[in-house]
Amino acid sequence: MIEFRQVTKRYDSDHIALRAVNFHLDRGELAFLTGHSGAGKSTLLKLIMVMERPTAGEVIVGGQKLNSLPRRQIPYIRRHIGVVFQNHQLLFDRTVFDNVAMPLEVMGASPEDTGRRVRAALDKVGLLKKEKMNPMQLSGGEQQRVGIARAVVNKPPVLLADEPTGNLDPELSADIMRLFTQFSQVGVTVLVATHDIALINEMNRRTLTLNQGQLVAGGGVSGH
Ligand code: ADP
Ligand code: ADP
16 MIEFRQVTKR
26 YDSDHIALRA
36 VNFHLDRGEL
46 AFLTGHSGAG
56 KSTLLKLIMV
66 MERPTAGEVI
76 VGGQKLNSLP
86 RRQIPYIRRH
96 IGVVFQNHQL
106 LFDRTVFDNV
116 AMPLEVMGAS
126 PEDTGRRVRA
136 ALDKVGLLKK
146 EKMNPMQLSG
156 GEQQRVGIAR
166 AVVNKPPVLL
176 ADEPTGNLDP
186 ELSADIMRLF
196 TQFSQVGVTV
206 LVATHDIALI
216 NEMNRRTLTL
226 NQGQLVAGGG
236 VSGH
């Protein structure tokens, strides 16, 4: 579902953010992405979201080579990629329902379709009863779950998470990881960037480890 072939990203002439990175994540695989600050984690996620383009090598998502993708196709690719952020980026001037509905609004979904899909997503994260509330009224863990509902409301085949448990205590982090595990069980490929070594050890999943732009562990095909 996600494949990197010899991917190098250079931001300026002498600064290499990723060096010849190779890995392949299958459909339904849940993996971690880790490494020190500056190791290249955000760059790797941005290449998948087509927010950056590789300097060399090939990024392939869902069988589509992203290098040669015309600019106008980028929004369509992004619909297939759900993204969860550490600070969840919810809007506090609208309800939980309307926050989750945002990606559908962009696509021009009908009100009936939107209602059905938003409620299905809120149900998955256990927040169906809070659809009319303002996210400000929710706890940190609940806000993060609203962010997850928004990321999956399109039913994307790929879910990326950038430090999704950064502000949460271990118990709430475990809740979030249980949700990600459930999504992977229905075929979503989930990649979680995190510094949280305790969480990684607890989950015992494949872990892609970057060190100064080089993939030093977890590369190759379904390697643990
Ligand atoms: P991480 O997410 O692991 O902290 P990043 O991917 O953000 O790592 O950064 C990898 C390297 O690339 C760092 O040295 C960083 O300074 C550099 N970098 C990231 N984004 C840019 C950019 N837009 N322009 C120039 N250098 C960048
Ligand atoms: P634009 O969409 O206007 O081209 P960006 O690509 O920078 O601008 O994305 C705007 C914001 O949306 C950024 O915060 C980015 O991280 C986020 N974003 C990009 N792709 C996705 C996605 N597939 N799902 C959710 N958020 C995304």
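In terms of our numbering, the sequence shown opens at residue 16 and continues consecutively.
Glycine included, C-beta positions come from ideal geometry on N, C-alpha and C.
In this structure, does DSSP put residue i in helix, strand or coil?
i	result
histidine 239	At histidine 239 the pLDDT is 44, less than 50, meaning the model places this residue with poor confidence; the figure from the coordinates comes in the next sentence. It is coil, neither helix nor strand.
asparagine 216	helix
threonine 224	strand
valine 22	strand
leucine 105	coil
glycine 233	coil
valine 74	strand
alanine 54	coil
alanine 35	strand
alanine 135	helix
lysine 144	helix
arginine 87	helix
arginine 165	helix
leucine 187	helix
methionine 192	helix
glutamate 157	helix
List the DSSP bridge partners of residue i.
i	result
histidine 30	Asp27
aspartate 113	Aspartate 113 pairs with nothing; no bridge assigned.
leucine 45	Val205
lysine 170	DSSP output for lysine 170 lists no bridge partner at all.
glycine 97	Leu174
isoleucine 17	Leu40 and Val76
Quick one: what's got a C-beta closer than 6 angstroms to residue i's C-beta in the same chain, skipping five residues either side?
i	result
glycine 72	Arg20, Gln21, Val22 and Thr23
threonine 129	Ala116 and Leu119
glycine 202	Arg42 and Gly43
Which same chain residues, not among the five before or five after residue i, have their C-beta less than 7 angstroms away from its C-beta?
i	result
valine 190	Checking the sequence shown, residue 190 turns out to be aspartate, not valine. Once the five neighbours on either side are set aside, the close Cβ partners of aspartate 190 are Gly156.
leucine 106	Asn114
glutamine 101	Asp177, Glu178, Pro179, Gly181 and Asn182
histidine 239	Only weak support exists for where histidine 239 lies, its pLDDT of 44 falling under 50; the value from the coordinates is given anyway. For histidine 239, where only same-chain residues beyond five positions count, the Cβ hits under 7 angstroms are Arg221.
leucine 60	Leu175, Asp177 and Ala208
I'd like the list of long-range same chain contacts for residue i, defined as Cβ closer than 8 angstroms, with 5 residues on each side in sequence excluded.
i	result
glycine 78	none
asparagine 37	Phe19, Arg20, Gln21, Val22, Leu230, Gly234 and Gly235
methionine 64	Arg93, Ile96, Val98 and Leu175
Of all the options the options, which has the alpha carbon lying nearest to the alpha carbon of residue i?
i	options	result
glycine 97	Asn82, Gly141, Asn226 and Val161	Val161
arginine 221	Tyr26, Leu33, Leu45 and Val36	Leu45
leucine 33	Ala54, Lys145 and Thr196	Ala54
serine 154	Phe47, Val99, Ser52 and Leu187	Leu187
alanine 232	Leu194, Gly50 and Ala213	Gly50
glutamine 159	Phe195, Met218, Gln229 and Lys147	Phe195
methionine 66	Pro90, Thr110, Val205 and Leu225	Pro90
threonine 70	Asp41, Met218 and His30	His30
glycine 228	Phe47, Pro185, Ser28 and Ser52	Ser52
Query raised in the report: Would you call the segment 83 to 94 and the segment 123 to 138 in contact, with 3 or more CB pairs under 8 angstroms?
Result: no
Query raised in the report: Touch check for the segment 132 to 145 and the segment 163 to 170: three-plus C-beta pairs under 8 angstroms?
Result: yes
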